[in-house]
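Here is the structure we will look at, set down as structure tokens.
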Amino acid sequence: MSYSESLSKLLGSIGAEEGSVLEAESKGRSFKGTLMPHHEFSAPDVLILKVKSGYNVGIRIYDDSTVKVVDKPIARVRKEVTVEPKKGLPKIVLIGTGGTIASYVDYRTGAVHPALSTSDMVNAVPEIRDVANIEARVLFSIFSENMNVDNWQKLADAVAEEINNGADAVIIPHGTDTMGYTAAALSFMLPDVPKPVVLVGAQRSSDRPSSDASSNLMAAARFCTKGNRAGVFVIMHDTPGDDSFAVHTGTRVRKMHTSRRDAFRSINVLPVAHIDRDGNIRFTGEGRPVSDGKAEVRNAMDGNTILLQFYPGMDPALFEGPIMKSRGIVIAGSGLGHVNENMVPLIKKACDNGAVVVATSQCLNGRTNLEVYNTGRDMLSAGAITVLDMLPETAYVKLMWALANTKDTEAAKAVMQTPLAGEMSDRRTIDV
Ligand code: GLU
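Going by the numbering used here, the first residue of the sequence shown is number 1, and it counts up by one from there.
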């Protein structure tokens, strides 16, 4: 919600903008303070000013109220630092996409802004230049809930371009909300990528004292330069403190908390490695070493794919339209992968129509199995397939990819059931 039309007009007519210092007089009381963006807990005709004490006050503006600008917003000074590359250090390219890691809070107004330059981020972590020569470019400046298939495709192209132009690693600062989806998309779009491609995020923006932006970035740079592991990874705090960072396989990771710094967890596998605050890396298993090969891009995706969450009482009549329009349907089912019996005929109709229906589990942990209960067996007879312990969102991304990169439904199903980027396994490595 923003300010009311009349209040916005009034602010526009006096040239007031976020951060301007205003004097407002309303019903005999006067206030002076910095103009704040409107927030949803306040009525649209209430002007929000941050007064000298630091508190925000709301002033209802009537027809006879007066508002005038007494000072312009203070411009933020943003310095670009040019650094000469050091001989012998590996080259890491940062490709900025946006999110909290690339945002700063403007304390004059309290609003969160996307940083315009990825080098701003690098400059906030000067020690990163001791481990690598850093080049930075901004590809997008968006919150990750606004990422889409087109963004994933452009990002895959950009990563491959940088690697094929000599980057030893690529780090992608990204919003945390959908970082797992992007990591999964890149994992399939960049098959056997020869270098590390690491997504990093932050739960607190870079200029907050509690920010995790710099420490995650530094852990990523250390993994990229010392890890000797190729592939797509996510690196985030492993603990609430700044003492341990987890390296997750790009197809196996999920944001499991809305705000904690250690929100990201590997699901159904152990993290690839842990990094301590001094940069020591402890691997938990084998992996693919880096190589000198070229990065290949296979980024065709079939956008006619949907991801649905089953719930008790799910009514097939509500879903017939979207399901019958889609070539691929991933269902995060209950328990072993189930839906209710009313949904089974719709699954059959979709499969008979040539769609691929993939059953995953909203339990997240553990494998799906449709052979245990009647419901599951009916789903299998209807044509649904299972993909072991693959995350629903990874299955969704992979299905888009499989449908676009195979010649027919059967081939797409076979691809879905073949591990390509560590996304599935029938071995139980951990029990959580
Ligand atoms: N929702 C935003 C995003 O995912 C901000 C959250 C964040 O970056 O952590 O981009």
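Using N, Cα and C, we set each Cβ at its ideal position, and we do this for glycine too.
query = Tell me the DSSP bridge mates of glutamate 145?
reply = Looking at the DSSP output, glutamate 145 sits in no beta bridge, so it has no partner there.
Problem set entry | Distance, glutamate 393 Cα to valine 357 Cα | Roughly 14 Å separates the two Cα atoms.
Q) Can you give, in chain order, each stretch of the alpha helix (DSSP H) that sits fully within the stretch 120 to 180 and has at least 4 residues? A) If we require 4 residues or more, the alpha helix (DSSP H) runs fully inside the stretch 120 to 180 come out as 128 to 131, 149 to 164.
For this session: Anything with a beta carbon under 5 Å from a heavy atom of the ligand GLU counts; list them all in chain order.
Result: In chain order, the hits are Gly99, Thr100, Phe143, Ser144, Gly175, Thr176, Asp177.
Legend entry - DSSP-derived helix/strand/coil call for isoleucine 92: In the structure shown, isoleucine 92 sits in a strand (DSSP, three-state: E or B).
* To do: Determine the DSSP secondary structure at proline 289, reduced to helix, strand or coil.
  => Reduced to three states, the DSSP call for proline 289 is coil.
Straight-line Cα distance separating isoleucine 101 from proline 126
In this structure, the CA atom of proline 126 is about 16 Å from the CA atom of isoleucine 101.
Please classify isoleucine 171 as buried or exposed, where buried requires at least 16 other C-beta atoms within 10 Å of its C-beta. It counts as buried.
Alpha carbons only, please: which of Val269, Val67, Asp168 is nearest the one belonging to leucine 94? Taking leucine 94 as reference, the option from Val269, Val67, Asp168 with the minimal CA-CA separation is Asp168.
Which residues in the same chain have their Cβ closer than 7 Å to the Cβ of glutamate 25, if we skip the five residues on either side of it in sequence? So the qualifying residues of the chain are Ser65, Thr66.
| query | From this set, Gly54, Asp45, Ser42, which residue's C-alpha is nearest threonine 34's C-alpha? | reply | Relative to threonine 34, the option among Gly54, Asp45, Ser42 whose CA is nearest is Gly54.
Is it buried or exposed, tyrosine 107, if we count other Cβ atoms within 10 angstroms and call 16 or more buried?
With a pLDDT of only 45 at tyrosine 107, under the threshold of 50, the placement of this residue in the model should not be trusted, and no figure is reported.
**Message:** Using 8 Å as the cut-off, can you tell me whether the stretch 408 to 415 makes contact with the stretch 264 to 284, which would need three or more C-beta pairs spanning the two stretches below that distance?
**Reply:** As far as the Cβ criterion goes, the stretch 408 to 415 does not touch the stretch 264 to 284, which means the pair count is below three.
Would you please verify whether the beta carbon of proline 191 is less than 9 Å from any beta carbon of chain B?
The structure shown has no chain B; it contains just one protein chain.
Fill in: Spatial neighbours of cysteine 363 in its chain, beta-carbon cut-off 6 Å, leaving aside the 5 residues before and after
So no residue of the chain qualifies.
- What are the start and end residues of each continuous alpha helix (DSSP H) run of 4 or more residues lying completely inside the stretch 306 to 349, in chain order? Taking 4 residues as the shortest admissible run, the stretch 306 to 349 contains the following complete alpha helix (DSSP H) segments, listed from N- to C-terminal end: 316 to 325.
Please go through the stretch 345 to 393 and give each complete beta strand (DSSP E) segment of 3 or more residues, from N-terminal end onward.
Counting whole runs of 3 or more residues, the stretch 345 to 393 contains the beta strand (DSSP E) stretches 356 to 361.
Proline 240 and arginine 260 look like a contact to me (Cβ under 8 Å); what is the Cβ gap, rounded to whole Å?
Going by Cβ atoms, the distance from proline 240 to arginine 260 rounds to 6 Å, so yes, they are a contact pair.
Coarse secondary structure for leucine 420, derived from DSSP in three states: Shown here, leucine 420 sits in coil according to DSSP, grouped into three states, outside any helix or strand.
If we ignore side chains and look at the alpha-carbon of each, how far apart do cysteine 32 and leucine 47 end up? The identity of residue 32 in the sequence shown is lysine, whereas the question assumes cysteine. Going from the Cα of lysine 32 to the Cα of leucine 47 covers about 11 Å.
task: State the DSSP-derived secondary structure class of leucine 116, mapped to helix, strand or coil.
output: In this predicted model, leucine 116 has a pLDDT of only 47, less than 50, meaning its place in the structure is not dependable; the value taken from the coordinates is given anyway. Reduced to three states, the DSSP call for leucine 116 is coil.
Next item on the list: Identify whether asparagine 56 lies in helix, strand or coil by the three-state DSSP scheme.
Entry: Strand, per DSSP.
Which residue wins for smallest C-alpha separation from asparagine 369, given the options Pro316, Asp389, Asp177, Met256? Checking every option, the nearest Cα to that of asparagine 369 belongs to Asp389.
Open item on the list: My output table needs one value for glutamate 5: the three-state DSSP class, helix, strand or coil.
Closed with: Note: glutamate 5 maps to helix in three-state DSSP.
Quick check: the Cα distance between lysine 226 and alanine 219, rounded to an integer number of angstroms? Their backbone Cα atoms lie some 10 Å apart in a straight line.
Check: Using the beta-carbon count (16 or more within 10 Å), is arginine 229 buried or exposed?
Finding: The residue is buried, with at least 16 neighbouring Cβ atoms inside 10 Å.
| task | Verify whether the separation of the beta carbon atoms of tryptophan 401 and aspartate 262 is less than 9 Å. | result | In this structure, tryptophan 401 sits away from aspartate 262, with a CB-CB distance that is not shorter than 9 Å.
- arginine 277 in three-state terms, based on DSSP: Look at arginine 277 here: in three-state DSSP terms it is coil, with no helix or strand label.
- Task: Measure the Cβ-Cβ separation of aspartate 242 and aspartate 212 and say whether it is below 9 Å.
- Result: Yes, these two residues count as a Cβ contact at 9 Å.
Checklist entry - Taking C-beta to C-beta, are serine 20 and lysine 72 nearer than 9 Å? => result Yes.
Note to self: If the criterion is Cβ atoms closer than 9 Å, does the pair arginine 250 and glycine 175 meet it?
What the structure shows: It is glycine, not arginine, that sits at residue 250 in the sequence shown. No, these two residues do not count as a Cβ contact at 9 Å.
Legend entry - Range covered by the alpha helix (DSSP H) that runs through leucine 217: In the DSSP annotation of this structure, the continuous segment of the alpha helix (DSSP H) that includes leucine 217 starts and ends at 213 to 226.
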